[in-house]
Structures are given as C-alpha cells and as structure tokens.
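As they're listed, the protein sequences go chains A and B.
Heads up, the first sequence is in my numbering, so the first residue is 1120 and it goes up one at a time.
Heads up, the second sequence is in my numbering, so the first residue is 123 and it goes up one at a time.
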Amino acid sequence: AQTVTQSQPEMSVQEAETVTLSCTYDTSESDYYLFWYKQPPSRQMILVIRQEAYKQQNATENRFSVNFQKAAKSFSLKISDSQLGDAAMYFCAYRQSGGATNKLIFGTGTLLAVQP
Amino acid sequence: GAGVSQTPSNKVTEKGKYVELRCDPISGHTALYWYRQSLGQGPEFLIYFQGTGAADDSGLPNDRFFAVRPEGSVSTLKIQRTERGDSAVYLCASSLMGTRLETQYFGPGTRLLVL
Chain A
1120 AQTVTQSQPE MSVQEAETVT LSCTYDTSES DYYLFWYKQP PSRQMILVIR QEAYKQQNAT
1180 ENRFSVNFQK AAKSFSLKIS DSQLGDAAMY FCAYRQSGGA TNKLIFGTGT LLAVQP
Chain B
123 GAGVSQTPSN KVTEKGKYVE LRCDPISGHT ALYWYRQSLG QGPEFLIYFQ GTGAADDSGL
183 PNDRFFAVRP EGSVSTLKIQ RTERGDSAVY LCASSLMGTR LETQYFGPGT RLLVL
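Pasting the structure below:
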C-alpha cells in the first residue's frame, strides 16, 4: 500500500524568507501524481502545486516550487518570499495513475507559521 | 463559478443518533469523493463516486457509514448510530474525470461532533 510521510509537524519562517517542507512517499508504481495542498483555518483544502511522476522537470507555481526526487521518493515544497498569508497546514498527497479510483493519500501535514 | 459546498458547516449530535452530511459538487464534475479528517491528521479516503455509482467504497470504516449520489450530482453521507469516535471533519471533493491532470477541488467540510 502506498504511504505518505511528512516528518515535520511544525515549521516556522520569517516573512520574505524561504522555507522548505519535506515529504517522502512509498509506492511500487512508476506512474503517479504528487500534490501539495494548503489548508488554512477555514478548513478548505487548496491545491498549491502538482507534479507528474513521469516528468523529470520540477513543477513551479509562482513562489512555490518542488524538488521531486523520484529515486529517493522525495517531494519537498519550497516557498520563496514567504508571506503572512502562507501560514496554514500543508499536506502532501499521492495519487496513483490509472486504476479503479483516483483517491488521494495524504500525509499528516506540516503546520507552517510565518513570523512578521 | 461556484465551488464545492457542504452543509451543514457544523453538526453536533448525541451518541446513537443518525446524521446526514450533504455535498454539492462543482457543476459538471462527474467524480465525487468523501474524506474524513480527524484532529491532527491528514484526510483519509472514505468513498468515491463516478456518476451515480460508488466506484470505490473501500474507505468506509464500517456498515454504519453509507453514501448516495442518486442523480450524479449532490451526494449525502449518512452515519447511523453515531459514536464519539466519528467526531471529525468530513470533506467532500469533486473533479472532472477523463483528464490526465484530474484535480480534486475540496469543499470547506462539515465538522461533526458526537457528544
């Protein structure tokens, strides 16, 4: 079974600085997708960035980028120029490609605090 | 357009009671998912609908949990004989199937508290 591990329960960053959130996963599949979701206190999960496993190029979305290391099964999220609005819970998630379901498997999350 | 909506936002009930949680997906989205998020945890998959049928209900914890999507749009998650351990945030997500980059869009969730 696939698993997702986030080993940092909490992280803190100064406003305008850069922070990296870690995620590792375990799977025997070769084709899959990885996601980072943000969950503010409003509870709504918001997609931050996604990565297709067959693409070697790391995904970027404005201030957010990932470091995808397929062989190491690592998928970290880098937030540059951190803003107060980035403070939230961040979840890493895995989805298998194909199969009967597209369910997401989530890690336990990292709570990010942004200090002014 | 409108996102995924869930009602009620919060629900308090007593142990042993029956509850229904509603999810309105994004218009036109064919796939609908239910997840449960316990305090301090990531969401855990419960059930997935493709159209009207439950394509995968492997995440339902026991037979007290049931979900329907009779017309392929709105879905209701039903919990019978609630237990204190059912207290959690129940999240619904919808997506447009058939695309390789299928993305699930989440609602704000229903926080269920069983006393």
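Virtual Cβ for every residue (Gly too), placed ideally from N, Cα, C.
Proximity to residue i [Cα-Cα], best of the options
i	options	result
V196/B	T204/B, A215/B, T225/B	A215/B
Q1125/A	T1227/A, V1233/A, S1131/A	T1227/A
A124/B	D208/B, S149/B, E193/B	S149/B
T1220/A	G207/B, L154/B, T129/B	L154/B
L237/B	A210/B, V190/B, M219/B, S127/B	A210/B
V1167/A	A1178/A, Y1173/A, S1161/A	A1178/A
G181/B	S1141/A, L1223/A, Y1151/A, Q1170/A	L1223/A
G1204/A	F1210/A, T1143/A, Q1234/A	Q1234/A
L1140/A	L1196/A, F1210/A, S1149/A	L1196/A
A1190/A	P1128/A, T1143/A, R1182/A	T1143/A
Partner residues on chain A for residue i, Cβ-Cβ distance less than 9 Å
i	result
Q202/B	Those within 9 Å of Q202/B in chain A number zero; the least Cβ separation is about 23 Å.
Y212/B	Within 9 Å Cβ-Cβ: nothing; Y212/B doesn't reach chain A, min ~10 Å.
F187/B	None at all; the shortest Cβ gap to chain A is about 16 Å.
F167/B	T1220, K1222, L1223, I1224, F1225
Beta carbon of residue i nearer than 8 Å to that of residue j
i	j	result
F1194/A	L1153/A	yes
K133/B	L234/B	yes
Y239/B	F167/B	It is not possible to answer for residue 239/B, since the shown part of chain B is limited to 123 through 237.
A1207/A	V1123/A	no
Residue i: contacting residues in chain A (beta-carbon distance under 7 Å)
i	result
Y140/B	The premise fails here: Y140/B is roughly 24 Å from chain A at the closest Cβ pair, so nothing lies under 7 Å.
G164/B	F1210, F1225, G1226, T1227, G1228
Amino acids of chain A, ordered along the chain, whose beta-carbon sits closer than 8 Å to that of residue i
i	result
P230/B	S1161, R1162, Q1163
A153/B	N1221
Chain B residues whose Cβ lies nearer than 7 Å to that of residue i
i	result
L1196/A	Under the 7 Å cutoff, chain B gives no residues; its nearest Cβ is about 15 Å from L1196/A.
L1166/A	T225
I want to know whether the region 1147-1164 of chain A touches the region 225-236 of chain B - three or more CB-CB distances under 8 Å. yes
Give a yes or no on contact between the region 127-143 of chain B and the region 1170-1186 of chain A, applying the rule of three or more CB pairs nearer than 8 Å. no
Measuring CB atoms only, is the region 1133-1142 of chain A touching the region 1200-1209 of chain A, in the sense that at least three cross pairs come out at less than 8 Å? yes
Could you name each continuous beta strand (DSSP E) segment of 3 residues or more that falls completely within the region 1161-1226 of chain A, going from the start of the chain to the end? 1165-1171, 1183-1188, 1193-1198, 1207-1215
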